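Trainee: Here it is: the structure, laid out below.
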Amino acid sequence: MSTLEIKNLQVAVDTEEGLKQILRGVDLTINSGETHAIMGPNGSGKSTLAYSIAGHPKYNITGGSVTLDGQDVLAMSVDERARAGLFLAMQYPVEVPGVSVSNFLRTSVTAIRGEAPKVRSWVGEVKEAMAALSMDPAFAERNVNEGFSGGEKKRHEILQMELLKPKIAILDETDSGLDVDALRVVSEGVNRIKENSDLGVMLITHYTRILRYIKPDFVHVFSAGRIVEAGGPELANKLEENGYAEYVTA
Amino acid sequence: MSTLTTNYLTPTGREEAWRFTPLKRLKGLHETQTDIADRISLTAGALPHGVTVTHVATGEQSPISATDDVVVQRVRAIAHVVTLVTIAADSVIDAPITLMRTPSGSPEASRTVIRAGNHSKATVVVENVGSGTLAEEIEIILEPGAQLKFITLQEWANDAVHLGKHHAIIGRDASFTSVVITVGGSLVRLLPTVEYSGPGASAELFGLYFAGSGQYLEHRIHVDHNVGQSKSRVNYKGALSGDGAHTVWIGDVFIRAAAEGTDTYELNRNLLLSDGARADSVPNLEIETGEIVGAGHASTTGRFDDEQLFYLESRGIPATEAKRLVIRGFFLEILSKIGIEAIEERIMNRIDGELASVVIA
Numbered sequence: 001m002s003t004l005e006i007k008n009l010q011v012a013v014d015t016e017e018g019l020k021q022i023l024r025g026v027d028l029t030i031n032s033g034e035t036h037a038i039m040g041p042n043g044s045g046k047s048t049l050a051y052s053i054a055g056h057p058k059y060n061i062t063g064g065s066v067t068l069d070g071q072d073v074l075a076m077s078v079d080e081r082a083r084a085g086l087f088l089a090m091q092y093p094v095e096v097p098g099v100s101v102s103n104f105l106r107t108s109v110t111a112i113r114g115e116a117p118k119v120r121s122w123v124g125e126v127k128e129a130m131a132a133l134s135m136d137p138a139f140a141e142r143n144v145n146e147g148f149s150g151g152e153k154k155r156h157e158i159l160q161m162e163l164l165k166p167k168i169a170i171l172d173e174t175d176s177g178l179d180v181d182a183l184r185v186v187s188e189g190v191n192r193i194k195e196n197s198d199l200g201v202m203l204i205t206h207y208t209r210i211l212r213y214i215k216p217d218f219v220h221v222f223s224a225g226r227i228v229e230a231g232g233p234e235l236a237n238k239l240e241e242n243g244y245a246e247y248v249t250a
Numbered sequence: 001m002s003t004l005t006t007n008y009l010t011p012t013g014r015e016e017a018w019r020f021t022p023l024k025r026l027k028g029l030h031e032t033q034t035d036i037a038d039r040i041s042l043t044a045g046a047l048p049h050g051v052t053v054t055h056v057a058t059g060e061q062s063p064i065s066a067t068d069d070v071v072v073q074r075v076r077a078i079a080h081v082v083t084l085v086t087i088a089a090d091s092v093i094d095a096p097i098t099l100m101r102t103p104s105g106s107p108e109a110s111r112t113v114i115r116a117g118n119h120s121k122a123t124v125v126v127e128n129v130g131s132g133t134l135a136e137e138i139e140i141i142l143e144p145g146a147q148l149k150f151i152t153l154q155e156w157a158n159d160a161v162h163l164g165k166h167h168a169i170i171g172r173d174a175s176f177t178s179v180v181i182t183v184g185g186s187l188v189r190l191l192p193t194v195e196y197s198g199p200g201a202s203a204e205l206f207g208l209y210f211a212g213s214g215q216y217l218e219h220r221i222h223v224d225h226n227v228g229q230s231k232s233r234v235n236y237k238g239a240l241s242g243d244g245a246h247t248v249w250i251g252d253v254f255i256r257a258a259a260e261g262t263d264t265y266e267l268n269r270n271l272l273l274s275d276g277a278r279a280d281s282v283p284n285l286e287i288e289t290g291e292i293v294g295a296g297h298a299s300t301t302g303r304f305d306d307e308q309l310f311y312l313e314s315r316g317i318p319a320t321e322a323k324r325l326v327i328r329g330f331f332l333e334i335l336s337k338i339g340i341e342a343i344e345e346r347i348m349n350r351i352d353g354e355l356a357s358v359v360i361a
């Protein structure tokens, strides 16, 4: 049982006009096994929340705290956060020329598990995880994210989540840019991992579409850098009907 | 062959061609008063069938290209014996032809001519190791239809000085691939140059250099599109780390009036791994005809891509290891052109070793 606890988180970014406040006091607690949907309009700070928790250097923490099972996440380096059990599936996964997927996965899993996986079981493990996401085995020999389609990038993110077995995963607009088939495959992947583990999920999305496939336990509406309303799955239905208009004008 | 005017003087550093080079560190190779030995420093390994290596008097193998480089002119004046590598026409040779350099340590000159016969296919590897002080010229002739891969490995000890010109004359429908790897030496200044003697000829020039603290590595590429329907691709990648690490890349491409149908692109990318290192990158394109397929160049010099490092680190990979992965990936594109696994691995290990000894910013 793990708990990610975000308290009064405040985050700013450097701009040409000086420091700009993006997050204005976010409170959120995610426990193992729970799925929290964070929904909000563009520019509300959803991605900032995701990247701040993962430790991207662009974001300055100006107040508040983030802990994972009581450990101070904000004091950890980016790689330490991952090794502590956090995972961020990125909206725009980055190309790494000359580094093959298989080399990347192996290096990453070795870092997370603290030892290199046994060759024989590792090959089988990767093969199985790739097959479950309908990925061609030849995919492993390609360079990380280089020339990947939108769907391939997102499958690759979920593949990493499956192999790295985090405690808490943040999925940042994983549904964006996916056609229905790809969305289904990716969502099934997330659901499978949830069934086989006690993964806690923060699912960041602009649209309600992905919530037809991944059922949230809680829905939070995000606007102007904070959570402005929280509720159960029914809140998503309301958003689907009314949009974000009532939250944005405030 | 056109004759260029030469004044056979010691460069002063004010000449365009020498403006970056720290002349004081050349161990006198550029100065007329320096005693430079005439010595055969290349040794051939076991030769596959279809290849001969002989030594002939310079009179029997006169220079076949023009040069205005003072050091090359000195090499031509000093070297009385030429190492001649001949690849027989129509022979297809899978095993690499390896030429090992065994330097004496004192200033020495070396002249080599490689002749790839009609429709031959081969790979020549020149391995430079040890503490040499070398001025050299290698001329390469590709007869019509020949395919030659020419790999030079500058794996020198860190006190070596190496000035060299590697000039290829590419015949009709022939294709020349050069891979220049420079990871050692105190000062290395190479002139990989190309001209064409028939249409349909192509050149691919790849380079990789890694300069550590105090190393000066210069590569001056010159591609002379002097006939029509010729192609060239240049791709050099370098990384620098440590105080006083300095690299210079010059990419001169000329498309002459007669060279209609030319297709050329050149690229240089530099990765600065620490403060105190300097990379100069100067692409030049001179075009005398508009009737070409394409001509372009690009040059970038920068530090690590923060987003790449963040991506790798967010998967639990520690920062130093993430940087090593990115550097390996950066070089792989060039390294893989060698196509000889043992050499690729050896070069990567040397780079890894250099990286381990420096703090990457």
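These protein sequence lines are chains A and B, in that order.
Numbering-wise, our numbering puts 177 at position 177 of the first sequence, and it's gapless, one number per residue.
Numbering-wise, our numbering puts 249 at position 249 of the second sequence, and it's gapless, one number per residue.
Where is the CB? At the ideal position from N, CA and C, for every residue including glycine.
Being a predicted model, the structure only gives us computed values, none of them experimental.
(1) Exposed or buried, which one is K215/A when buried takes at least 16 other CB atoms within 10 Å?
(2) Are the beta-carbon atoms belonging to E154/B and L190/B less than 9 Å from one another?
(3) Let me confirm a value: A138/A is counted as buried when at least 16 other C-beta atoms fall within 10 Å, else exposed. Which label applies?
(4) Determine the extent of the beta strand (DSSP E) in which K165/B is found, giving its start and end residues.
(5) Measure the C-alpha to C-alpha separation of P283/B and H297/B and round it to an integer number of angstroms.
(6) Excluding the five sequence neighbours on either side, which residues of its own chain have a C-beta within less than 7 Å of the C-beta of I340/B, listed in chain order?
(7) Taking its Cβ as the centre, do 16 or more other Cβ atoms sit within 10 Å of K149/B, making it buried, or is it exposed?
(8) Taking only beta carbons into account, state which residues of the region 191-214 of chain A come closer than 7 Å to chain B, listed in chain order.
(9) Checking the sheet assignment: what are the DSSP bridge partners for P107/B?
(10) Residues in the region 139-157 of chain A with C-beta within 7 Å of chain B's C-beta atoms, listed in sequence order?
(11) Taking the alpha-carbon positions, what's the T58/B to V75/B distance?
(12) Rounded to the nearest angstrom, what separates V326/B and A258/B at their Cα positions?
(13) Could you compute how far the alpha carbon of T174/A sits from the alpha carbon of H36/A?
(14) Might you give, ordered along the chain, the residues of its own chain that have their beta carbon closer than 8 Å to the beta carbon of G302/B, omitting 5 neighbours on each side?
(15) Going by DSSP, what residue range makes up the beta strand (DSSP E) through I227/A?
(16) To be precise: take each residue of the region 308-342 of chain B, compare its Cβ to all Cβ atoms of chain A, and keep it if any distance is under 8 Å. Which residues remain?
(17) Hey, does D352/B have any beta-carbon neighbour from chain A nearer than 9 Å?
(18) So, for M90/A: in the same chain, excluding its five sequence neighbours on each side, which residues have a beta-carbon less than 7 Å away from its beta-carbon?
(19) Taking 6 Å as the limit between beta carbons, can you name the residues of its chain near V194/B, skipping five residues before and five after?
(20) Taking Cβ-Cβ distances shorter than 9 Å, what residues in chain B pair up with A82/A?
(21) Please state if the CB of R111/B and the CB of E127/B are separated by a distance shorter than 9 Å.
(22) Tell me the start and end of each unbroken alpha helix (DSSP H) in the region 160-199 of chain A that is at least 4 residues and wholly inside, in chain order.
(23) Near T133/B, what residues of its chain come up, given a Cβ to Cβ distance below 6 Å and the 5 sequence neighbours on each side ignored?
(24) Roughly how many angstroms separate the alpha carbons of V51/B and D38/B, rounded to a whole number?
(25) The alpha helix (DSSP H) with K127/A in it runs from where to where?
(26) Taking the alpha carbon of P168/A as the point to measure from, which residue in E141/A, G231/A, G63/A, A50/A has its own alpha carbon closest?
(27) Compare the C-alpha of S2/A against each of I30/A, T15/A, V11/A and name the closest.
(28) What is the C-beta distance between R172/B and A211/B, in whole angstroms, given that I count them as a contact (C-beta under 8 Å)?
(29) Keeping to the same chain, check which residues put their C-beta closer than 6 Å to that of E34/A; ignore five residues upstream and five downstream.
(30) Distance check for D69/A and G185/B, CA to CA, integer angstroms please.
(31) Residue range of the alpha helix (DSSP H) that E246/A falls in?
Mentor: Per the coordinate set shown:
(1) exposed
(2) The sequence given here has Gln at residue 154/B, not Glu. Yes, Cβ-Cβ distance for Q154/B and L190/B is below 9 Å.
(3) exposed
(4) 161-170
(5) 7 Å
(6) P96
(7) buried
(8) none
(9) T133/B
(10) none
(11) 11 Å
(12) 43 Å
(13) 14 Å
(14) N270, L271, L272
(15) 226-231
(16) Q308, F310, Y311, L312, E313, S314, R315, G316, I317, P318, A319, E321, A322, L325, V326, R328, G329, F330, F331, L332, E333
(17) no
(18) E157, D172
(19) A168, A203, V223
(20) E313, S314, R315, G316, I317
(21) no
(22) 180-196
(23) K27, P107, V161
(24) 25 Å
(25) 119-132
(26) It is Ile, not Pro, that sits at residue 168/A in the sequence shown. Ranking E141/A, G231/A, G63/A, A50/A by Cα distance to I168/A puts A50/A first.
(27) I30/A
(28) Not really, about 38 Å apart at Cβ, beyond 8 Å.
(29) G200, D217
(30) 53 Å
(31) 245-248
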